[in-house]
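Undergrad: Counting from 1 along the sequence shown, just add 1001 to a position and that's the residue number in the numbering used here.
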Amino acid sequence: MATLLKLGSKGKAVEEVQTLLNKTPAKPKLTVDGDFGGKTDKAVRHFQEKSGLVVDGKVGPQTLAALKQTVAPLKPGRPEPAKGAIVSPVPETGPTSVSPAPPPNAKSVRILDTSRVIEEVIVHCTATPEGKDFTVDDVRAWHKQRGWSDIGYHFLVYRDGRVIAGRPIGQVGAHVSGRNTGTVGIAYIGGLAADGQKAKDTRTDAQRSSLLWLTMQLAAKFPVRKVSGHNEYASKACPSFDVRKDQLSTLAR
1002 MATLLKLGSK GKAVEEVQTL LNKTPAKPKL TVDGDFGGKT DKAVRHFQEK SGLVVDGKVG
1062 PQTLAALKQT VAPLKPGRPE PAKGAIVSPV PETGPTSVSP APPPNAKSVR ILDTSRVIEE
1122 VIVHCTATPE GKDFTVDDVR AWHKQRGWSD IGYHFLVYRD GRVIAGRPIG QVGAHVSGRN
1182 TGTVGIAYIG GLAADGQKAK DTRTDAQRSS LLWLTMQLAA KFPVRKVSGH NEYASKACPS
1242 FDVRKDQLST LAR
């Protein structure tokens, strides 16, 4: 649905939104009549506020995506690997130098506009073993099993460098306690040694290049003043390297 729905809109697309809203815990339930009236406007605003979206009463791609993920039934992914090792100290990593490069799927990567204030990019790892592939659906399932409405990260970077969207960028993330407002969360697949017993910077060259490219795109679009790592705000090794010593830290305005 490319059309922006708002007060006064009518039609099947409005019926879809009303049906989705009725599947959320909010009450009272709406009459599914395809008429975006005052009650639908109020319900949309309530959902946006509860979900960390910009509260404007308008249903565009991001509010619609958040609605769909909130009410979607849980689809279990592959079992989540043990994460105990990620509390170990941040491993020392030697200097590396790669050039930012568009990911293999660059043509499909969309960074949507949002009036949500974004001033910081926080880098994570998924705390999964080196050499093992996991998908956005796997991580989404792990996070929804914790009772979250959606995956906590805004973007994932696969081992082959592909950049995959997670939760809508216009929605406050769930990736760093106390630091979700005003930030975007990016996680790369990996972060643990192959045996899962210690933290390790497992970024492939493709991941390094894509992380740089994605962060540059975000910094060009939003007033990003800082690029940091999860370990700067929590007693964890995540993202298993010190962003302050990495090329990523140079990309803030």
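Where is the CB? At the ideal position from N, CA and C, for every residue including glycine. Nothing here was measured: the structure is a model prediction, and the numbers come from that model.
1. Return the chain-ordered list of same chain residues with a C-beta closer than 7 Å to the C-beta of residue 1048, the five sequence neighbours on each side being excluded.
2. Is the beta carbon of residue 1046 sitting closer than 8 Å to the one on residue 1035?
3. With a cut-off of 8 Å on the beta carbons, I'd call residue 1261 and residue 1198 a contact; round off their distance for me.
4. Would you decide whether residue 1146 is buried or exposed? Buried here means 16 or more other CB atoms lie within 10 Å of its CB.
5. Compare the C-alpha of residue 1160 against each of 1030, 1173, 1127 and name the closest.
6. Is residue 1203 closer than 8 Å to residue 1192 when the C-beta atoms are compared?
7. Relative to the alpha-carbon of residue 1219, which residue among 1122, 1188, 1129, 1130 has its alpha-carbon at the smallest distance?
8. At the level of alpha carbons, what is the spacing between residue 1155 and residue 1181?
9. Could you check the C-alpha separation between residue 1165 and residue 1158 for me, to the nearest Å?
10. Given a cut-off of 8 Å on the beta-carbon distance, is the pair residue 1200 and residue 1241 in contact?
11. Which residues in the same chain have their Cβ closer than 8 Å to the Cβ of residue 1140, if we skip the five residues on either side of it in sequence?
12. Between 1221, 1245, 1177, which has its C-alpha nearest residue 1095's C-alpha?
13. Can you check the segment 1136–1215 for any beta strand (DSSP E) of at least 3 residues that lies completely inside it and give the ranges in chain order?
14. Under 8 Å Cβ to Cβ from residue 1092, same chain only, skipping five residues before and after it: list those, please.
15. Return the Cβ separation of residue 1177 and residue 1231 in integer angstroms, given the expectation that the two are a contact with Cβ distance under 8 Å.
16. Buried or exposed for residue 1002, going by 16 or more other Cβ atoms inside 10 Å?
17. Please report how far the alpha carbon of residue 1205 lies from the alpha carbon of residue 1134, in whole angstroms.
18. Can you give me the C-alpha to C-alpha distance between residue 1234 and residue 1179, rounded to a whole angstrom?
19. Based on the DSSP output, what are the partners of residue 1121 in its beta bridges?
20. Assuming residue 1015 contacts residue 1006 (C-beta within less than 8 Å), just tell me the rounded distance between them.
TA: Per the coordinate set shown:
1. Reading the sequence shown from its first residue, position 47 is the one you call residue 1048. So the qualifying residues of the chain are 1022, 1025, 1027, 1068.
2. Mapped onto the sequence shown, residue 1046 falls at position 45. Mapped onto the sequence shown, residue 1035 falls at position 34. Taking C-beta atoms as the reference points, residue 1046 and residue 1035 fail to come closer than 8 Å.
3. Because the chain spans 1002 through 1254 in this model, residue 1261 falls outside it and cannot be assessed.
4. By one-based count along the sequence shown, residue 1146 stands at place 145. If you draw a 10 Å sphere on the C-beta of residue 1146, you find fewer than 16 other C-beta atoms in it, and that means exposed.
5. To locate residue 1160, count along the sequence shown from 1; it is residue 159. Taking the Cα of residue 1160 as reference, the smallest distance to any Cα among 1030, 1173, 1127 is reached at 1127.
6. By one-based count along the sequence shown, residue 1192 stands at place 191. By one-based count along the sequence shown, residue 1203 stands at place 202. When the beta-carbon positions are compared, residue 1192 and residue 1203 come within less than 8 Å of each other.
7. The residue labelled residue 1219 in the question sits at position 218 within the sequence shown. With respect to the C-alpha of residue 1219, the residue from 1122, 1188, 1129, 1130 having the closest C-alpha is 1122.
8. Against the sequence shown, residue 1155 aligns to sequence position 154. Against the sequence shown, residue 1181 aligns to sequence position 180. Distance between residue 1155 and residue 1181, taken at the CA atoms: about 11 Å.
9. Position 164 of the sequence shown, counting from 1, holds the residue named residue 1165. Position 157 of the sequence shown, counting from 1, holds the residue named residue 1158. Taken atom to atom, the span from the alpha-carbon of residue 1165 to that of residue 1158 is near 6 Å.
10. Residue 1200 sits at position 199 when you count from the first residue of the sequence shown. Residue 1241 sits at position 240 when you count from the first residue of the sequence shown. It is a contact, given that the beta carbons lie within the stated cut-off.
11. Counting from one through the sequence shown, the residue named residue 1140 turns up at place 139. Excluding residues within five positions, the ones whose Cβ falls inside 8 Å are 1078, 1127, 1152, 1154, 1157, 1167, 1188.
12. Locating residue 1095 in the sequence shown gives position 94, counting from the first residue. Residue 1245 holds the alpha-carbon nearest to the alpha-carbon of residue 1095 among 1221, 1245, 1177.
13. Along the length of the segment 1136–1215, whole beta strand (DSSP E) runs at least 3 residues long occupy 1156–1158, 1164–1166, 1184–1189, reported in chain order.
14. In the sequence shown, counting from the first residue as 1, residue 1092 sits at position 91. Here the set comprises 1199, 1200, 1201, 1202, 1238, 1241, 1242.
15. On the sequence shown, position 176 is the one that residue 1177 refers to. On the sequence shown, position 230 is the one that residue 1231 refers to. So it is a contact: roughly 6 Å between Cβ atoms.
16. Stepping through the sequence shown from its first residue, residue 1002 is reached at position 1. In this predicted model, residue 1002 has a pLDDT of only 44, less than 50, meaning its place in the structure is not dependable; the value taken from the coordinates is given anyway. The residue in question, residue 1002, is exposed, as its Cβ has fewer than 16 Cβ neighbours within 10 Å.
17. If you number the sequence shown from 1, residue 1205 lands on position 204. If you number the sequence shown from 1, residue 1134 lands on position 133. Their backbone Cα atoms lie some 12 Å apart in a straight line.
18. Mapped onto the sequence shown, residue 1234 falls at position 233. Mapped onto the sequence shown, residue 1179 falls at position 178. Each residue's Cα considered, the two are about 9 Å apart.
19. Counting from one through the sequence shown, the residue named residue 1121 turns up at place 120. DSSP output for residue 1121 lists 1184, 1227 as bridge partner(s).
20. As a working note, residue 1015 is residue 14 in the sequence shown. As a working note, residue 1006 is residue 5 in the sequence shown. Between residue 1006 and residue 1015 the Cβ distance is about 6 Å, and since that is below 8 Å, they are a contact.
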